[in-house]
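Taken in sequence, the protein lines are chains G and A.
Residue numbering for the first sequence follows my numbering, beginning at 2 and increasing consecutively.
Residue numbering for the second sequence follows my numbering, beginning at 2 and increasing consecutively.
First the structure, in the form of structure tokens, and then the observations on it.
2 protein chains.
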Amino acid sequence: MNRFSRRLGVLLPVTCALLFPLAISGDPQTADAISGFFPFHVEAERQLEAKFRGIPDATHAENNLRRLTSEPHMSGTDASRRTAEWLRDQYRSFGFDAQIVTYTAWMPQPREVKLEMTKPTRERLASPETSFDEDASTSDARAVVGFNAYSPSGEMTAPVVYVNYGTVEDYQQLASLGVDVKGKVAIARYGQGYRGIKAKLAEEHGAAALILYSDPADDGRTVGNTYPYGPWRPMSGIQRGSIMYTQQYPGDPLTPGVASTPGAKRLAPADATNLPRIPTMPINAQDAAVILENVGGKNAPRDWQGGLPLTYHIGPGEAQVHMKLVMDYQERPLYDVIATLHGTSDDEWVMLGNHHDAWVFGAADPGSGTTAMLEAGRALGELVRSGWKPHRTIVICQWDGEEFGLLGSTEWVEANRAELQSKALIYVNTDVGVSGPNFSASALPSLKDVVRDVTRDVNDPNTGLRVYDAWLRYAATADGEEHGTARQKVAADSSGKAPLGALGAGSDFCPFLDYAGIPAIDLSFTGDYGVYHSIYDDFYWMKHFGDPTFNYQVALAQVLGMIALRFGEADIPPYNFPAYALELEHSVTDQFVRASAMGRAEEDTMEPALDAAAHLSASAARASQALRTLAAEPVDASESIQIDHALAAVEQAFLAPEGLTGRPWFKHTLYAPGSYTGYSAEVIPGVNEAITRKDFATLRREASALTDALMRASARLDDIARLAQQAELSKPSGH
Amino acid sequence: MNRFSRRLGVLLPVTCALLFPLAISGDPQTADAISGFFPFHVEAERQLEAKFRGIPDATHAENNLRRLTSEPHMSGTDASRRTAEWLRDQYRSFGFDAQIVTYTAWMPQPREVKLEMTKPTRERLASPETSFDEDASTSDARAVVGFNAYSPSGEMTAPVVYVNYGTVEDYQQLASLGVDVKGKVAIARYGQGYRGIKAKLAEEHGAAALILYSDPADDGRTVGNTYPYGPWRPMSGIQRGSIMYTQQYPGDPLTPGVASTPGAKRLAPADATNLPRIPTMPINAQDAAVILENVGGKNAPRDWQGGLPLTYHIGPGEAQVHMKLVMDYQERPLYDVIATLHGTSDDEWVMLGNHHDAWVFGAADPGSGTTAMLEAGRALGELVRSGWKPHRTIVICQWDGEEFGLLGSTEWVEANRAELQSKALIYVNTDVGVSGPNFSASALPSLKDVVRDVTRDVNDPNTGLRVYDAWLRYAATADGEEHGTARQKVAADSSGKAPLGALGAGSDFCPFLDYAGIPAIDLSFTGDYGVYHSIYDDFYWMKHFGDPTFNYQVALAQVLGMIALRFGEADIPPYNFPAYALELEHSVTDQFVRASAMGRAEEDTMEPALDAAAHLSASAARASQALRTLAAEPVDASESIQIDHALAAVEQAFLAPEGLTGRPWFKHTLYAPGSYTGYSAEVIPGVNEAITRKDFATLRREASALTDALMRASARLDDIARLAQQAELSKPSGH
């Protein structure tokens with residue numbers, strides 16, 4: 002029996018005529034078609050989805066967020082266990098088979114965090130976040146002090162150098178101005194990339210320590226009204242955050258590539274390459290002003306000038322600071338929640354996930370994602386209660402330890418890689434689920450159309466438009482970078498479709514895609530959000546600024562659940578491989594052009610990859626065509642499942658077993674976080690970075706790994722074409 | 002006898018072969034040629050110029066600046082008379098025939114300037130400029146308080162609305178945000194145009210009063226170190242300045258178009274259309290912060306956010322201010338200094354000028370221009386003492402009352418228009434002569450090459466390059482707008498030549514060009530200059546920041562004097578009419594395209610002007626060709642003088658006797674200050690503004706005036722061609 006017969010008890014005619022042509026041509030979906038669904042299945046799916054969308058509600062979301070933000074629940078603390086238990090119980094109450102899965106990880110907690118300016122005058126710094134009468138949470142003594150997770154302990158006194166955002170380009174400009182940070186304390190503002198990259202660069206340039214601060218021009222009063230009178234960071238707000246070198250590998254620093262179970266072999270901390278080596282701490286804008294007012298030396302370049310009321314200088318000058326950090330490192334517990342709604346086809350998983358640990362209260366990050374996930378879970382549970390049975394199994398994951406470095410998700414993926422690779426069709430992530438009304442998504446190119454399709458069927462609360470149309474409108478009007486979060490706004494898509502970004506790093510999709518090759522999507526609604534990783538990211542903030550009606554958390558639950566239903570119930574999982582191949586041809590061509598600019602040998606080295614990319618496009622087109630031909634007639638169930646697994650496994654062909662040069666944990670040849678760009682994705686990272694470093698030996702190796710990966714994927718697509726042709730031929734009434 | 006024979010006692014062969022071809026082709030000047038000079042005259046001119054360049058020196062400039070900045074010398078005060086007398090005596094001591102010419106003008110002085118915030122809390126504002134121990138001048142009690150000249154007296158209490166720079170676009174954006182200033186006090190930051198335009202727009206939009214302030218993002222600590230530790234405006238610094246509607250007409254408000262001599266007929270002040278009608282005052286950044294912190298209402302658009310440590314709002318909200326201004330208006334005296342160095346050809350004037358009045362000490366504005374002018378004058382005097390006699394007469398003017406609204410120059414030009422139009426070949430202005438090391442110039446298109454040529458022969462003190470090459474380099478590297486002054490940086494020239502701007506308004510060249518049609522140039526060296534119109538623009542500022550060695554004041558003296566010598570001694574005055582005509586063709590085409598976009602009738606209306614511009618180009622080419630042919634043979638002196646006068650008078654052909662629509666004082670059809678853009682030049686202003694206003698009737702009138710002007714100029718160039726041909730034919734050995 003084929004997949005459809007498992008529901009209807011009849012043979013399923015697999016018709017892909019609607020699926021791939023739509024995906025290829027980019028035509029808008031017509032009202033009576035859904036990618037991946039056979040026409041006569043569409044009506045039932047629409048009814049199911051409509052029923053689903055009617056269930057999530059704002060009152061539930063609000064109550065859940067109130068519960069989730071009722072205490073600080075940093076990973077490694079008992080509050081994190083309590084949160085996990087509550088979530089497990091919630092999913093159980095929805096009808097899920099929910100379990101807590103426990104690992105441990107090498108995790109710090111701050112024992113002492115001291116900073117003072119010692120010259121030209123003595124001033125105590127490291128001031129705490131201000132309490133506001135409007136919001137009792139802001140005086141909660143349980144909130145952890147400002148610290149950067151995975152900073153080493155240390156103590157030093159040194160002059161200060163201002164390094165702007167502390168990026169590669171900033172250090173180059175610093176050098177051209179004749180200033181370096183050797184032996185100095187570097188002070189960098191947050192923004193323009195992952196803080197772990199700032200720490201790595203400060204370390205590489207010989208800084209004695211690093212201070213990170215929030216400049217009002219980036220997410221504070223220069224941008225807009227500040228908390229509690231607006232959504233932006235007040236002068237006392239501190240951005241906590243990990244500086245783990247997740248660009249090297251995420252997860253428990255002592256167990257790269259294996260799950261940190263009790264018996265796992267562990268590295269000595271000194272051997273862990275994702276651990277920073279120089280003391281690093283975050284401060285608020287008011288403390289930064291005291292230091293920067295005294296930094297002295299040359300004037301900072303004009304675009305290094307931030308929003309503090311002073312003229313920025315580079316230093317070194319008069320200002321000298323004394324920093325003392327004592328960090329308590331221990332193996333601490335992680336509590337992942339895995340909640341499963343078993344389907345008829347229990348060997349095919351559609352996965353959703355977000356983390357539950359928070360730096361403090363975590364209303365937007367991650368609570369708003371969790372409320373959406375809970376409402377999606379509750380609604381799916383209700384459907385089951387009303388008689389529905391999922392076709393494929395739906396798995397909802399609530400991760401612990403994300404904030405420290407994707408700990409919970411990485412350990413779980415490392416523990417379950419083989420099973421995941423044989424079963425998971427897709428992983429859909431959300432993190433800062435709702436910080437405002439602007440829909441934003443990143444996805445593999447094969448999955449972009451699914452996100453577009455689903456958002457055409459969900460209403461946008463504020464505008465009355467469909468989410469898709471509100472998204473398009475926002476993409477067309479909004480300017481460059483978003484303030485307040487580490488994310489970049491996705492550039493408008495030249496095709497006129499709503500734009501989706503590439504998957505970088507910074508949340509739990511990373512181990513799924515980069516380590517296990519599971520096709521992934523990351524979703525959120527964004528907005529004016531300046532309280533990231535501060536005590537102010539709490540219920541009051543969400544209720545007054547982020548999502549006062551909680552309707553966007555409902556909309557996010559609808560989008561998440563709709564994707565689960567599309568992938569869970571589809572007759573053929575709606576991956577768009579021709580679109581994927583086309584994007585890859587462009588990306589490989591970009592790298593080919595860069596290589597050619599280096600020289601003839603480099604050009605020759607990249608040529609096979611170019612051919613392989615063209616080959617991949619041809620294979621994707623053939624597979625698409627074969628699936629399209631396989632139409633309107635029943636297909637045997639075993640052949641159908643075989644096609645499903647083959648489709649899901651194409652992504653794994655892009656993994657190189659040896660990983661990227663210098664960072665073997667990262668297996669994906671096409672996507673990784675940039676070694677020096679942080680959150681943002683690097684496409685074809687091995688080749689890309691080899692060319693940037695002008696490292697010909699690495700380029701040869703990476704180009705060859707890329708070519709092999711593209712050829713493997715072509716072969717898998719060719720297999721799919723053959724499978725489809727076989728299925729076509731073996732049909733009782735084959736034509 | 003021709004002009005050269007007057008020196009050498011022989012007939013001069015007038016060869017223009019070198020002159021016009023160079024100007025047309027844009028070839029670099031070769032070492033042994035000078036535009037406008039017959040080859041055998043070049044060597045003598047070079048020797049003369051070299052001798053001239055050797056005379057100006059930094060010590061003289063420094064001593065003169067110390068004298069000029071020894072007391073505040075605002076126009077209308079006795080100190081202004083003392084400055085004029087000292088200057089007259091200086092020029093007399095150099096050998097000039099120097100006189101003080103006196104006019105009066107209707108001028109205000111502040112009696113009472115009060116500002117306080119009355120809601121939400123009571124705060125006294127209008128705080129004075131801070132005194133610094135480093136610089137005794139900053140505690141000089143004679144400095145006038147911060148005020149805007151030509152504000153009416155008045156008193157009101159009203160809520161505040163923030164209008165960003167207070168430009169046309171800002172009021173449009175304000176309207177789109179549903180806010181207006183009717184009955185409110187508008188607060189605008191300085192920058193992006195003339196403050197008189199801000200006052201006019203606030204008045205037109207119904208504001209009860211206007212506050213102007215200096216935002217640190219525009220010329221203060223956001224941009225760089227502040228006085229006395231750097232060249233930028235400290236938080237207490239106030240930009241004084243006139244808000245006279247000089248875009249309507251400059252000069253004494255009561256005597257437009259006639260000299261304000263004792264017997265002149267005067268308007269009632271209520272009838273003067275260049276007098277603002279709403280109370281306006283300037284404040285410093287620290288007072289502005291108090292108000293803006295309390296303005297309330299909607300958040301300002303992101304690009305309205307300045308550099309104060311607060312989130313900018315539009316209002317109206319809580320903030321309410323009480324303003325009281327009492328201005329003492331009287332007929333006050335003006336003391337222009339006119340210093341003449343009589344040449345052999347005393348009916349041909351080469352004119353240089355800058356003003357001597359200052360808001361307070363005026364080291365950069367105008368003292369640095371005055372020291373340069375004095376050194377140029379002293380050097381010319383020395384040449385005379387050593388036996389040289391100028392060919393054409395050189396006139397140096399030191400104007401009074403520029404700061405109030407070009408009073409001294411306008412009255413003098415109005416008094417002497419007929420003589421000027423028959424005698425003046427060129428007027429070369431400088432104002433803020435030196436505020437840094439970057440050469441900058443504006444000029445009529447016919448005069449741009451002269452400026453380029455001269456700067457190829459003057460050394461740039463800092464770089465060791467020629468001024469021309471340093472200028473090119475700066476133009477290529479520097480970014481957009483200059484901070485700190487009202488001037489805009491000139492955009493790079495697409496031809497690869499050093500770029501010169503168009504002449505707008507804001508200094509004393511305006512009556513010469515716009516009212517009398519005298520070809521003009523404006524010159525300066527610019528730089529980091531944040532103390533404009535404040536008490537801090539003093540000797541200490543210049544000695545520490547603007548021009549510590551005084552070498553740029555020497556370089557400016559050299560450039561000024563070299564232009565005087567090139568125009569004074571040239572065998573044919575080196576106007577480049579083909580280049581002028583080419584620029585005009587472009588400008589007329591631009592307006593034609595704009596008119597076409599309005600409709601067919603508008604296009605038809607502009608077509609004759611397009612034809613006339615093409616005609617002008619043809620005439621310019623023919624005149625140039627005829628002058629080129631007139632080569633290598635002596636020309637009769639009377640014919641030669643006739644050609645000189647004809648060349649100088651071409652510019653006057655562009656004047657329309659009736660003036661521009663709505664502002665009849667402005668006679669020039671090609672250049673005027675923009676009615677709503679202020680300092681920056683509006684090219685073809687009548688047509689341009691009619692199209693902007695979509696005023697077809699005015700467009701018809703202005704297009705016709707433009708066409709007539711272009712045709713008149715063509716006719717004059719055709720006359721020149723004929724004169725040259727006649728001169729050629731009348732040569733003893735005509736070929």
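For glycine and all other residues, C-beta sits at the position ideal for the given N, C-alpha and C.
Quick caveat: nothing in here was measured; it's all calculated off a predicted structure.
- In this structure T411 (chain A) is buried. Its beta-carbon is surrounded by 16 or more other beta-carbon atoms within 10 angstroms.
- Inter-residue distance for M543 (chain A) and S443 (chain G) is about 56 angstroms (C-alpha atoms, whole angstroms).
- Below 8 angstroms, enough C-beta pairs join the stretch 251-258 of chain G and the stretch 101-109 of chain G to call them touching: three or more.
- Chain-order list of chain G residues neighbouring N300 (chain A): G225 and N226, by C-beta distance under 7 angstroms.
- Listed along chain A are P310, L311 and T312, each with a C-beta nearer than 8 angstroms to that of R222 (chain G).
- For Q193 (chain A), there are no neighbours in chain G by C-beta distance under 8 angstroms, as the nearest C-beta there is about 18 angstroms away.
- Contact with chain A is absent for Q287 (chain G), since none of that chain's Cβ atoms lies less than 8 angstroms from the residue's Cβ.
- Annotation: the continuous beta strand (DSSP E) that includes Y104 (chain A) extends over D98 to K120.
- Using a Cβ-Cβ cut-off of 8 angstroms, Q306 (chain G) counts as an interface residue toward chain A, since at least one Cβ of chain A sits closer than that to its own.
- Put simply, of A:P232, A:L213 and A:A364 the residue whose alpha carbon is nearest the alpha carbon of R222 (chain A) is A:P232.
- In chain order, E604 place their CB closer than 6 angstroms to the CB of S597 (chain A), counting only its own chain and leaving out the 5 sequence neighbours on each side.
- A Cβ-Cβ distance of about 42 angstroms is found for the pair F655 (chain A) and F540 (chain A), leaving them out of contact under the 8 angstroms criterion.
- Of the residues G:Y228, G:L407, G:W400 and G:A209, the one whose Cα lies closest to the Cα of M245 (chain G) is G:L407.
- Taken atom to atom, the span from the alpha-carbon of A34 (chain G) to that of F568 (chain G) is near 15 angstroms.
- The C-beta distance from Q592 (chain G) to V435 (chain G) rounds to 36 angstroms, too long to fall under 8 angstroms, and the pair is not in contact.
- Exclusion of the five residues before and after A706 (chain A) leaves A657, T670 and G687 as the residues of its chain whose Cβ lies within less than 7 angstroms of its Cβ.
- Per DSSP, reduced to three states, the secondary structure at M374 (chain G) is helical.
- Non-local C-beta neighbours of A85 (chain G) in its own chain, meaning closer than 6 angstroms and more than five positions away in sequence, comprise I101, Y336 and V338, ordered along the chain.
- Looking only at G:I212, G:T274 and G:V164, the smallest Cα-Cα distance to P665 (chain G) is reached by G:T274.
- Apart from sequence neighbours up to five positions away, the residues of its chain that approach A290 (chain A) with a beta-carbon distance below 6 angstroms are L309, ordered along the chain.
- Here the stretch 111-131 of chain A makes no contact with the stretch 395-409 of chain A; the two share fewer than three CB pairs at distances below 8 angstroms.
- In the displayed model, E703 (chain G) falls within a helix according to three-state DSSP.
- Beta-bridge annotation (DSSP): T394 (chain A) is paired with A:W350.
- Rounded to the nearest whole angstrom, the CA to CA distance from A380 (chain G) to V433 (chain G) is 21 angstroms.
- By the C-beta density criterion, T478 (chain G) is exposed, having fewer than 16 other C-beta atoms within 10 angstroms.
- The three-state reading of DSSP puts Q287 (chain G) in helix, counting H, G and I together.
- Between the beta-carbon of D572 (chain A) and that of G37 (chain A) there is about 6 angstroms, and that keeps the pair under the 8 angstroms contact cut.
- Leaving aside the five residues that flank M712 (chain G) on each side, the residues in its chain whose CB is nearer than 6 angstroms to its CB run, in chain order, A613.
- Under the three-state reduction of DSSP output, T527 (chain G) falls in the strand class.
- DSSP places N65 (chain A) in the uninterrupted alpha helix (DSSP H) bounded by A59 to L69.
- The Cβ atoms of A187 (chain A) and N165 (chain A) lie no closer than 8 angstroms to each other.
- With a cutoff of 8 angstroms on beta-carbon distance, G96 (chain G) and A377 (chain G) are scored as not near each other.
- In chain order, S443, G502, A503, L504, G505, A506, Y672, A673, P674 and G675 place their CB closer than 8 angstroms to the CB of A682 (chain A), counting only its own chain and leaving out the 5 sequence neighbours on each side.
- The DSSP-derived three-state label of F667 (chain G) is coil.
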